[in-house]
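Remarks on the structure that follows.
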Amino acid sequence: MKLQAAIEQANLAVVPYIMAGDGGLDQLENQMQLLSDAGATAIELGIPFSDPVADGPVIQEAGARALADKISLEQILETLTTSKIDIPLVVMSYFNPIYHLGVEKFIELAKKTPIKGLIIPDLPYEHRDFILPHIENTDIALIPLISLTSPKERMELIANQAQGFIYAVTVNGTTGERAVFGDKIDENLTYLKKISPVPVLAGFGISNLDHVARFAAVCDGVIVGSKVVQLLHDQKMEELSEFIAGASGLTRK
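Last residue of the sequence shown? That's 291 in my numbering, and every number before it is there in order.
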């Protein structure tokens, strides 16, 4: 199923993030299946990277563990070619691993997997043509991020060309659990919902069902990273399943 259609059909889109290779690449399919069985709409799959700019300490540590096991982008893609997961996968990678592998080779391998979306946080809108020509005539979307500091003119520019969904960043800073969110996020999400032709999902800092319910009132879904990564690392599988099931049981307003 295409990514946007899967999100639009969900009561509330719930997209958990995991770091590919954290815990061993041989565990990746089991980790994704657990999330799919619990009700995830799609899964964001992080590619370990040594110099992240958007990831907080929990995800950085997960990336370091994967890198210590010498997990590479090419190994991850080859593993995914045999995946039985029937919900869309969204790869979150910095551009360097893709460039190092080769953009054309990256897309050719991705087309053989359940990957239906790409998030590349250090690839600005003005440089999207590094990717776009290679995903024409595929069902892989290039998903933009929009931050709290983006002026309305830039939000409109990015939203008008968005594919799959818009990743609306809910905090200024890196990923990781937050107790509270600034007031401006509600204004941003409401405006993005008004102008966007694709669904709007909130991400960064979301770590409990109260947060999920809060954002269900103003957008189409949530992305949950550090909370999921930590529960997987701690082997709290039942708690993780209950969290995803509880979140996906909520309804957007």
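Just so you know, even glycine gets a beta-carbon here, dropped at the ideal spot from N, CA and C.
| First and last residue of the beta strand (DSSP E) that includes Ala-206? | Position 168 of the sequence shown holds residue 206. For Ala-206, the uninterrupted beta strand (DSSP E) segment begins and ends at 204 to 207.
| field | Beta-carbon spacing of Leu-156, Ile-181 below 8 angstroms | value | What you label residue 156 is simply residue 118 of the sequence shown in a count that begins at 1. What you label residue 181 is simply residue 143 of the sequence shown in a count that begins at 1. The Cβ atoms of Leu-156 and Ile-181 sit closer than 8 angstroms to each other.
| message | Looking only at its chain, what residues have a beta carbon closer than 6 angstroms to the beta carbon of Ala-78, apart from the 5 residues adjacent to it on each side? | response | Numbered from its first residue, the sequence shown carries residue 78 at position 40. Excluding residues within five positions, the ones whose Cβ falls inside 6 angstroms are Val-52, Pro-54, Ile-282.
| query | According to DSSP, is Ala-240 helix, strand or coil? | reply | Here residue 240 is taken as the residue at index 202 of the sequence shown, counted from 1. Collapsing the DSSP output to three states places Ala-240 in a strand.
| message | In chain order, what are the residue ranges of uninterrupted alpha helix (DSSP H) at least 4 long that sit wholly in the stretch 39 to 90? | response | Entirely contained in the stretch 39 to 90, the alpha helix (DSSP H) runs reaching 4 residues are, in chain order, 41 to 47, 66 to 76.
| query | Can the beta-carbon of Ser-245 be found less than 8 angstroms from the beta-carbon of Ala-200? | reply | Numbered from its first residue, the sequence shown carries residue 245 at position 207. Numbered from its first residue, the sequence shown carries residue 200 at position 162. Between Ser-245 and Ala-200, the CB-CB gap reaches or exceeds 8 angstroms.
| request: Inspect the beta-carbon positions of Ala-100 and Asp-60 and report whether they are closer than 8 angstroms. | output: Walking along the sequence shown from the start, residue 100 turns up at place 62. Walking along the sequence shown from the start, residue 60 turns up at place 22. Going by C-beta atoms, Ala-100 is nearer than 8 angstroms to Asp-60.
| field | Opening and closing residue of the beta strand (DSSP E) in which Ile-261 lies | value | Start at 1 with the first residue of the sequence shown, and residue 261 comes out as number 223. 259 to 262 is the span of the beta strand (DSSP E), which, as asked, contains Ile-261.
| message | Helix, strand or coil, according to DSSP, for Ala-254 in the structure here? | response | By 1-based counting over the sequence shown, the position of residue 254 is 216. Secondary structure at Ala-254: helix, using DSSP grouped into helix, strand and coil.
| message | Is the separation between the beta-carbon of Ser-279 and that of Leu-72 shorter than 8 angstroms? | response | To locate residue 279, count along the sequence shown from 1; it is residue 241. To locate residue 72, count along the sequence shown from 1; it is residue 34. Yes. Within cutoff.
| said: Whole angstroms are fine: how far does the CA of Arg-166 sit from the CA of Glu-142? | reply: Walking along the sequence shown from the start, residue 142 turns up at place 104. Walking along the sequence shown from the start, residue 166 turns up at place 128. Going by the C-alpha atoms only, they are around 14 angstroms apart.
| field | Contact set for Leu-230: own chain, Cβ-Cβ below 8 angstroms, skip 5 residues either direction | value | Numbered from its first residue, the sequence shown carries residue 230 at position 192. So the qualifying residues of the chain are Ile-184, Met-193, Ala-197, Ile-204, Ala-206, Val-238, Cys-257.
| field | Close-in-space but distant-in-sequence residues of the same chain around Asp-160 (CB under 7 angstroms, 5 per side omitted) | value | For the purposes of this step, residue 160 is identified with residue 122 of the sequence shown, where counting begins at 1. Around Asp-160: Val-91, Tyr-132, Phe-133.
| field | Nearest residue (CA-CA) to Ile-136, options His-172, Val-209, Pro-152, Ile-223 | value | For the purposes of this step, residue 136 is taken as residue 98 along the sequence shown, with counting starting at 1. Nearest to Ile-136 by alpha-carbon distance, out of His-172, Val-209, Pro-152, Ile-223, is His-172.
| When you compare each of Ile-223, Thr-213, Asp-75, Gln-42 to Met-275 by their alpha carbons, which one comes out closest? | On the sequence shown, position 237 is the one that residue 275 refers to. Answer by Cα proximity: Asp-75.
| Quick one: is the Cβ of Glu-164 within less than 7 angstroms of any heavy atom of the ligand ZN? | The model depicted lacks the ligand ZN and carries no ligand whatsoever.
| task | Leaving out five residues on either side along the sequence, give the residues of the same chain with a beta carbon under 6 angstroms from the beta carbon of Phe-144. | result | Within the sequence shown, residue 144 is the residue found at index 106, counting from 1. The answer, listed in chain order, is Ile-136.
| Beta-carbon proximity check, Thr-117 vs Lys-149, cutoff 8 angstroms | Taking the first residue of the sequence shown as position 1, residue 117 is located at position 79. Taking the first residue of the sequence shown as position 1, residue 149 is located at position 111. Taking 8 angstroms as the Cβ cut-off, Thr-117 and Lys-149 do not qualify as a contacting pair.
| task | Please go through the same chain and pick out, in chain order, the residues whose beta-carbon is closer than 8 angstroms to the beta-carbon of Ile-123, but skip the five residues on each side of it. | result | Residue 123 sits at position 85 when you count from the first residue of the sequence shown. Within its own chain, the residues whose Cβ lies closer than 8 angstroms to the Cβ of Ile-123, once the five positions on either side in sequence are excluded, are Glu-67, Met-70, Gln-71, Ser-74, Ile-81, Pro-152, listed in chain order.
| With Ala-255 and Lys-291 assumed to form a contact (beta carbons below 8 angstroms), what rounded beta-carbon distance in angstroms separates them? | For the purposes of this step, residue 255 is taken as residue 217 along the sequence shown, with counting starting at 1. For the purposes of this step, residue 291 is taken as residue 253 along the sequence shown, with counting starting at 1. So it is a contact: roughly 5 angstroms between Cβ atoms.
| Is it the case that the Cβ atoms of Thr-187 and Phe-242 are separated by a distance below 8 angstroms? | Stepping through the sequence shown from its first residue, residue 187 is reached at position 149. Stepping through the sequence shown from its first residue, residue 242 is reached at position 204. The beta carbons of Thr-187 and Phe-242 sit no closer together than 8 angstroms.
| said: Let me make sure I understand the geometry here. Which of Gly-62, Met-57, Lys-40, Leu-111 has the alpha-carbon closest to that of Val-266? | reply: Position 228 of the sequence shown holds residue 266. That would be Met-57, whose Cα lies nearest to the Cα of Val-266.
| What do you reckon, are the CB atoms on Gln-268 and Val-129 nearer than 8 angstroms? | Mapped onto the sequence shown, residue 268 falls at position 230. Mapped onto the sequence shown, residue 129 falls at position 91. For Gln-268 and Val-129, no; Cβs fall outside 8 angstroms.
| said: Using only CA atoms, which one of Ala-43, Gln-42, Ala-48 lies nearest to Thr-289? | reply: In the sequence shown, counting from the first residue as 1, residue 289 sits at position 251. When only C-alpha atoms are compared, the closest one is Ala-48.
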